[in-house]
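Engineer: Dropping the structure in here first, questions after.
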Amino acid sequence: MVYISNRRGFKDFFKSRNTKFYIAIMIIFIAVVITTAIIIHKAKKYNDGKHNTSDTASENNFSEPDSESATDIEGIYNIQINLSNYTITIKDYNDNFVRKMLCSFNSFEEGEYKNTGGTGLRNVWYDDKNNFYRYYTDFGNGLIFHSASYSEKNNKNSLNSDEYNMIGGKNNTPGITLSVADAKWIYEHCSFDSVITIYTDKNERHTLELIKIPDGITWDPTDVTTGSPWVQTRIKSMDAPSTITIEEKNSDLSNIRKQIKAFDTDNNDISDYVIISGNFNLNSHGKYQMEIRLIDIYGNDLRKDIELIVTEKETESETETETETETETETESESHSVKNPETTAKETESETQTKTETESETTPSVSQSESESESES
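If you use my numbering, the sequence shown corresponds to residues 759 to 1135, in order.
Take a look at the structure:
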């Protein structure tokens, strides 16, 4: 008996029409997988650093580290610096316009700056020989971006206003100086893999302008966090009496502020923005001079001089003495106006007796006169 095997050889497998069809499907599937993997890899490279709020240092949370090492958690941007007009143009990975800002610096060489493995650094407050810079970003390629300097760490009201007012022109400070808002944007968004290009184009025009900080103000006008003296709307009015009187030892300014009213052009109450300054002591009675002031981001700067009178506060013992004196005075008055009943009875009896004696003396006199008259007749 002869057995015929049903197994097909390897060569016969490839000769089958169905097998060729399956192989074609497999090749197409593998190609799709490879292509998808390439696309995902490219997208990941771009999106790895898209802004992640959980990794960004918060403006008001200083419990987070002051610095962080170079990572790719932020977006990759093209940062273009024009030496001729002190502007920075930000474009995204696909060369789309994102943001434009003014800056100031001393001098830089033209060229393209990339992070070639250097260590980048970010600081919320960076200390450089007791000059403190906010939102300090070192890209690890020799270029550093930061705010104007402050004289005290964590004190937003200690800005070097002269240095800030130089933004948009040349300065002598290290790195590239920006407003707080712009420095914060770069700090939060730009990856250390961002490419920085420095060039010169005198024909490039812009309409950017930062408000100049007036004398006596030490707060960045682009910093709108709690405590800012800058009104973000247009000021309409600020009114207060020429003389304000408060009681001594009232250690806060609430009683002064109650007498000051300010409004913007939309009639919103902006009295809380009024700046009160002067050399006065609320714990010591006397007359002082103070100034109230109101500023907005449109350049309005209202001021008024006021005489502050701090009156002496009465002590508890003085108050008790006055109360006792008043009580004694009232008691004396009552004692004079209300008589003792026994005394009153005696006075009445005496008056009655006196009246009787007077009448008895008068009656004999009249009788004698009548007798004499009868005798004559």
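Ideal placement from N, C-alpha and C gives every residue a C-beta, glycine not left out.
Given this structure, state the Cα-to-Cα distance separating Arg-837 from Lys-849, to the nearest angstrom.
Structural biologist: In the sequence as displayed, the identity of residue 837 is Ile instead of Arg. For Ile-837 and Lys-849, the distance between alpha carbons rounds to 7 Å.
Engineer: Output needed for Gln-1017: all residues of its chain with C-beta closer than 7 Å, excluding positions within five of it in sequence on either side, in chain order.
Structural biologist: Ala-998, Pro-999, Ile-1002
Engineer: Going by Cα to Cα distance, which pick from Asn-854, Tyr-844, Lys-1007, Tyr-780 is closest to Tyr-835?
Structural biologist: Comparing Cα positions, the closest option is Asn-854.
Engineer: With C-beta atoms as the reference, is Ser-1029 less than 9 Å away from Asp-973?
Structural biologist: no
Engineer: Check whether the region 926 to 946 and the region 966 to 981 are in contact - that is, three or more C-beta pairs closer than 8 Å.
Structural biologist: yes
Engineer: For my contact list, Tyr-945 and Thr-895 are in at a C-beta cut-off of 8 Å; report their separation, rounded to the angstrom.
Structural biologist: 5 Å
Engineer: Evaluate Ser-909 with the Cβ neighbour count: other Cβ atoms within 10 Å of its Cβ, from every protein chain shown; 16 or more gives buried, anything less gives exposed.
Structural biologist: exposed
Engineer: For Leu-917 and Met-996, which I take to be in contact (beta-carbon distance under 8 Å), what is that distance rounded to the nearest angstrom?
Structural biologist: No, Leu-917 and Met-996 are not in contact; Cβ-Cβ is about 23 Å, not under 8 Å.
Engineer: Taking only runs of the alpha helix (DSSP H) that begin and end inside the region 900 to 957, which ones reach a length of at least 4 residues, in chain order?
Structural biologist: With a minimum length of 4 residues, the continuous alpha helix (DSSP H) runs that stay inside the region 900 to 957 are 919 to 922, 938 to 947.
Engineer: According to DSSP, is Ile-1055 helix, strand or coil?
Structural biologist: coil
Engineer: Since Glu-1005 and Asn-840 should fall inside the 8 Å C-beta cutoff, what is the C-beta to C-beta distance between them, to a whole number of angstroms?
Structural biologist: Rounded, the Cβ-Cβ distance is 59 Å, inconsistent with contact.
Engineer: With the cut-off set at 9 Å, would you say Phe-897 and Cys-948 are in Cβ contact?
Structural biologist: Yes, they are a contact pair.
Engineer: Identify the residues that DSSP records as bridge partners of Ala-1020: which are they?
Structural biologist: Met-996
Engineer: Excluding the 5 residues flanking Ile-785 on each side, which residues of the same chain have their C-beta closer than 7 Å to its C-beta?
Structural biologist: So the list is empty, once near-sequence residues are dropped.
Engineer: Based on Cα-Cα distance, which residue from Asn-1013, Asn-1058, Gln-1047, Ile-1067 lies nearest to Thr-1023?
Structural biologist: Asn-1058
Engineer: Reducing DSSP to helix, strand and coil, say where Val-856 ends up.
Structural biologist: strand
Engineer: Counting only the same chain and skipping the five closest in sequence on each side, list residues whose C-beta sits under 8 Å from that of Thr-845.
Structural biologist: Ile-839, Lys-858, Met-859, Leu-860, Cys-861, Glu-962, His-964, Leu-966
Engineer: Could you give the residue range of the beta strand (DSSP E) that holds Ser-892?
Structural biologist: The residue you asked about is not Ser; residue 892 is Arg in the sequence shown. Here the beta strand (DSSP E) through Arg-892 covers 889 to 896.
Engineer: Need the endpoints of the alpha helix (DSSP H) that Asn-1013 sits in, please.
Structural biologist: 1012 to 1015
Engineer: Please classify Val-790: is it buried, with 16 or more other beta-carbons within 10 angstroms of its beta-carbon, or exposed?
Structural biologist: Around the beta carbon of Val-790, a 10 Å sphere encloses fewer than 16 other beta carbons of the protein chains shown; the residue is thus reported as exposed.
Engineer: For Lys-1045 and Glu-1072, which I take to be in contact (beta-carbon distance under 8 Å), what is that distance rounded to the nearest angstrom?
Structural biologist: Rounded to the nearest angstrom, the Cβ distance from Lys-1045 to Glu-1072 is 19 Å, too far for a contact under 8 Å.
Engineer: Considering only the beta carbon of each residue, do Val-925 and Phe-903 sit closer than 9 Å?
Structural biologist: The question names Val, yet the displayed sequence has Ile at residue 925. Result no, Cβ atoms of Ile-925 and Phe-903 do not sit closer than 9 Å.
Engineer: Is the beta carbon of Glu-1049 sitting closer than 9 Å to the one on Thr-955?
Structural biologist: no
Engineer: Can you name the start and end residues of the beta strand (DSSP E) that Arg-880 belongs to?
Structural biologist: Per DSSP, Arg-880 belongs to the beta strand (DSSP E) from 879 to 886.
Engineer: Cα separation between Asn-923 and Thr-794?
Structural biologist: 52 Å
Engineer: With DSSP collapsed to three states, give me the class of Ile-969.
Structural biologist: coil
Engineer: Short check: CB of Lys-928 to CB of Asn-1013, under 9 Å?
Structural biologist: no
Engineer: Out of curiosity, what's the CA-to-CA distance linking Thr-777 and Ile-792?
Structural biologist: If you draw a straight line from the Cα of Thr-777 to the Cα of Ile-792, it comes to about 23 Å.
Engineer: Under 8 Å Cβ to Cβ from Asn-899, same chain only, skipping five residues before and after it: list those, please.
Structural biologist: Tyr-871, Lys-872, Asn-873, Thr-874, Gly-876, Ile-954
Engineer: Which residue or residues does DSSP assign as beta-bridge partners of Glu-962?
Structural biologist: Bridge partners of Glu-962: none, in fact.
Engineer: Identify every residue that forms a DSSP beta bridge with Gln-838.
Structural biologist: Thr-847, Thr-955
Engineer: In the DSSP assignment, find the unbroken beta strand (DSSP E) run with Ser-986 in it and report its ends.
Structural biologist: Neither: Ser-986 is in no beta strand (DSSP E) and is coded neither H nor E.
Engineer: To the nearest angstrom, report how far apart Ser-986 and Ser-1035 are at their CA atoms.
Structural biologist: 15 Å
Engineer: Classify Asp-813 as helix, strand or coil using the three-state DSSP reduction.
Structural biologist: Model confidence at Asp-813 stands at a pLDDT of 36, short of 50, so the residue's coordinates are unreliable; what they give is reported in the following sentence. Helix, per DSSP.
Engineer: According to DSSP, is Ile-792 part of a helix, a strand, or is it coil?
Structural biologist: Of the three classes helix, strand and coil, the one that applies to Ile-792 here is helix, per DSSP.
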